[in-house]
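To start, the structure itself, in structure tokens.
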Amino acid sequence: MVFLLQKTLIFAIPLLIVALAGMFAERSGIINIALDGIMIFGAFAGAMAAFYLRSNPFFVSHNQLLFLICLVIASLFGALFSLLLSFSAINLKADHTIGGTALNLLAPAITLFLTKVLFNKDKLEMATMVNAEGQRTDFGYAILKDDLNPVAQIFFDKTYISTFIAIGVFILLSFWIYKTKTGLRLRSCGEHPQAAASVGINVKAMRYLGTTISGALAGFGGYAFVATVANGTAEGTVAGMGFLALAIMIFGNWKPLGIALGSLLFGFLKCLAVTYERSLIEPLESTAWMQKILENSPAFTNFYNTVFKNMYFYNLIPFVTVLIVLAFTSKKSRAPKAEGIPYDKGAR
Amino acid sequence: MKKTTTVNENKTSFFQHPAVQSVVASLICILGGLLVGFLVLLFMAIFSKDISFSEAISGIFIVLSGPFAAGNAKDILFSFGNMLFTATPLIMTGLSVSLAFKTGLFNIGAPGQYLMGAMGALLVGLGIPQESMPTWLIWLLALLVGTLLGMIWGAIPGFFKAKFNVNEVIVCILTNWMAANIVSWVFAANKEQYVNYAETKTNFIRKTISNGVSTATFGLDKLFKGSYLDASIIIVCVIAVLLYVMLNKTTFGYELKACGYNRNASKYAGMNEKRNIVLSMAIAGALAACGAALWCLNGKQDFKWDTYQSLPADGFNGIPAALLASNNPIGVIFSSIFLRYIDKGGSYLAGRTSFNEYVPQLIVAVIIYFAGFSKFIKDFLSRKKKNAAPAKSPLLENKVPVAEPVSVPPVTEPTASVAGEEADK
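Line by line, the protein sequences are chains A and B.
The first sequence begins at 1 in the numbering used here and counts up by one.
The second sequence begins at 349 in the numbering used here and counts up by one.
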């Protein structure tokens, strides 16, 4: 169970931060379907930094510092990349979906192109690094203690530094968007930009701000995904995480708390699919009554073996769950009113 | 309405014609994309000492020459045939995405629909032994079952949109991954029957030719010797034309488009906008699935069954194909072939220059980025023409300025007639 929860936390963190990224863009009125592409691009920038810096003797002994630097670089490049979307959506009033799709196509193309030209490789690996003695050490894990109680183990054993930063950033930004003046202004631009403009708010600047924060968070999430879930391999894909984050954002009703709940739920179900043998099947089959059923009913055993001992069944659960919950909660769903509509000063 | 035009006006209206503007805008986007691609190659040449300028120039020429970069006539024919063959599923997914766009829906679920179509086609194409019925019948059944499965799969996002008002993009993303897992599950459960054990790698389903099922080639594979080309390219072109006719010449197509322009207005005009959403997505799903079925029923193609961690690229590539064609079904044929054309060119890059097969992808991404500005470009084209001929003011034509605005939206008039028809029923 501890193992399952550890995995859940690792899987949920990129989802959490990227869903928040989506929220920031949409709350300011820009549909950011490019989250996937920005994640890929940010992850690539971070991985490249890790690739160049990790052989430096200083960073070999301070690998957590290197992890942090790569995280910052990934966020920075994510923000830069998102400017392409901002420019097309805000200045040229292009369709947000088309601009986002272009970025989603561009990111894998440019990362794979550069990986191949610069490194003559298909993917960038940064999971292990070589230390001064020529030994390979682990790059990622921040804290490795196994003599803790189970609850502390979830948070402090085999965790990554990105986990804590992500939680901190998530809480800070959630407060920022709800409790500060700029946050309120940003949200107003997603609801009624003309009204916001009439009281002197610079709609374009606010939308740029929202999308840029979104880009930085998505870059962060991309690097967090590649460095943790993908075992440190950047290969021009984030396994559709950006799109899933978009789903989680809508699932969470464009609100931080809902996003947190959604990503933890999804992460839990997703990790159940990976660890179901260890966390579900083994405890279940070790019980006496289960063994009795399995011995006495061959028909049930057959069904049990084809469905419940099947990876694909568990893989389906998170998606089906989200779909059902969306169907039931859609009545309460409230998207920002002006999202996806180019800001037109004259349309009051 | 405004048919009392002078010759002079007819001349200028050429560039103001929406179709012409779309084509010109697309061409400008393509030129821009190629230019940026070339600049990227030059940039790499400047910053890398291993890459020379001549390499960058020859690189863009190889991409531009597509299958003609193959060299001798025999290879060009082979390459050209395969280009057309690989364009067929892309045309279908492109049609799928463009139809959904016409109804105001973003069908990002084409990969899932594609997988369901492939599964249906393979289950039937390999499941019915060739002794039991003529192979052409099996082929037809396989195509129909594949298409039907995709239709159902496409209808799911439509249903959720219409019934629960859940964003179709989200449902499409979820159903994509569901399809990937279901397909893997079905084939994993029936490995003995379907998986290709003849070859050393067991990730692939048996080819349907092993059951005698394959698409008729009409000698196309002889013409483009050695390629996989078959009649499917003709079939998809016919489907594209049919779709064009349906969208532009039928009441149903009109309703779909009206839903896309303004859902509330179409509801007000008496259309069943919820039914139209479901139908549009169902047809879109059927189209994508039909493309996959045709691909698999070629008989000589590998299908990777253990696909639960990845989605087929052809599904996603339908989006650029549709966008590049401004969602015109006939245009999708050309845009898809163009995408495959530069892809083919890109496949020769790695062997001859320091660059690689991702250059065409990069160019396509930039083209789509520019396609987002197509409205901007079209506005620019219109504005330019208006400035060039300022003497078009109705006041100068000695006519009474009747209450007829210059830009009557074309929707208003037919809407009334459609509403009338609905009322008659």
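Virtual Cβ for every residue (Gly too), placed ideally from N, Cα, C.
Remember, it's a predicted structure, so these values are computed and weren't measured experimentally.
Contact check, residue i vs residue j, beta carbons under 8 Å
i	j	result
Phe-449(B)	Ala-641(B)	no
Lys-615(B)	Ala-373(B)	no
Ile-259(A)	Ala-19(A)	yes
Ala-418(B)	Ser-427(B)	yes
Thr-101(A)	Gly-236(A)	no
Leu-645(B)	Gly-473(B)	yes
Leu-470(B)	Ile-553(B)	yes
Ala-579(B)	Val-680(B)	no
Val-626(B)	Ala-510(B)	yes
Phe-266(A)	Val-322(A)	yes
Gly-29(A)	Arg-207(A)	yes
Ile-518(B)	Ala-247(A)	yes
Trp-501(B)	Gln-461(B)	yes
Val-320(A)	Lys-7(A)	no
Tyr-696(B)	Ile-410(B)	yes
Val-117(A)	Ser-684(B)	no
Ala-637(B)	Gly-468(B)	yes
Thr-655(B)	Ala-528(B)	yes
Pro-708(B)	Ile-690(B)	yes
Leu-261(A)	Val-514(B)	no
Leu-272(A)	Leu-284(A)	no
Tyr-706(B)	Phe-113(A)	yes
Asn-676(B)	Ser-370(B)	yes
Asp-662(B)	Leu-438(B)	yes
Gly-442(B)	Ala-673(B)	yes
Three-state secondary structure (DSSP) of residue i
i	result
Glu-125(A)	strand
Ala-234(A)	strand
Ile-30(A)	coil
Ser-374(B)	helix
Leu-92(A)	coil
Ala-579(B)	coil
Thr-451(B)	coil
Asn-63(A)	helix
Arg-334(A)	coil
Ser-730(B)	helix
Val-756(B)	No answer about Val-756(B) holds up, because its pLDDT of 37 lies below 50 and its placement is not dependable.
Pro-342(A)	coil
Leu-323(A)	helix
Met-290(A)	helix
Gly-502(B)	helix
Tyr-706(B)	coil
Ala-751(B)	Because Ala-751(B) carries a pLDDT of 39, less than 50, the predicted location of this residue cannot be relied on, and the following value inherits that uncertainty. The answer is coil: DSSP assigns Ala-751(B) none of H, G, I, E or B.
Gln-461(B)	helix
Met-1(A)	coil
Thr-101(A)	helix
Leu-743(B)	Because Leu-743(B) carries a pLDDT of 39, less than 50, the predicted location of this residue cannot be relied on, and no value is offered for it.
Ile-250(A)	helix
Val-199(A)	coil
Gln-478(B)	coil
Asn-7(A)	One detail in the question is off: residue 7(A) reads as Lys in this sequence, not Asn. Three-state result, Lys-7(A): helix.
Asn-538(B)	coil
Ile-456(B)	coil
Ala-737(B)	Because Ala-737(B) carries a pLDDT of 48, less than 50, the predicted location of this residue cannot be relied on, and the following value inherits that uncertainty. In this structure, Ala-737(B) counts as coil in the three-state DSSP scheme.
For residue i: DSSP bridge partner residues
i	result
Val-543(B)	Ile-553(B)
Lys-652(B)	Phe-552(B)
Expected contact under 8 Å - CB spacing of residue i and residue j to nearest Å
i	j	result
Ile-17(A)	Val-169(A)	7 Å
Val-307(A)	Phe-313(A)	5 Å
Thr-211(A)	Leu-85(A)	6 Å
Ile-715(B)	Gly-429(B)	Their Cβ separation, rounded to whole angstroms, is 25 Å, which puts Ile-715(B) and Gly-429(B) out of contact at 8 Å.
Ile-521(B)	Ile-456(B)	6 Å
Leu-106(A)	Ala-713(B)	4 Å
Ala-227(A)	Ser-297(A)	No, Ala-227(A) and Ser-297(A) are not in contact; Cβ-Cβ is about 47 Å, not under 8 Å.
Does the region 73–89 of chain A come close enough to the region 213–224 of chain A that 3 or more CB-CB pairs lie under 8 Å? yes
Do the region 604–611 of chain B and the region 421–437 of chain B touch if we need at least three Cβ pairs shorter than 8 Å? no
May I ask you to verify whether the region 59–70 of chain A touches the region 190–210 of chain A, counting CB pairs closer than 8 Å and requiring at least 3? no
Three or more C-beta pairs closer than 8 Å, one from the region 35–46 of chain A and one from the region 239–248 of chain A: is that the case here? yes
For the region 554–574 of chain B and the region 644–661 of chain B, state whether three or more C-beta atom pairs, one from each stretch, are separated by less than 8 Å. yes
Quick check: the region 587–604 of chain B against the region 478–489 of chain B, are at least 3 beta-carbon pairs closer than 8 Å? no
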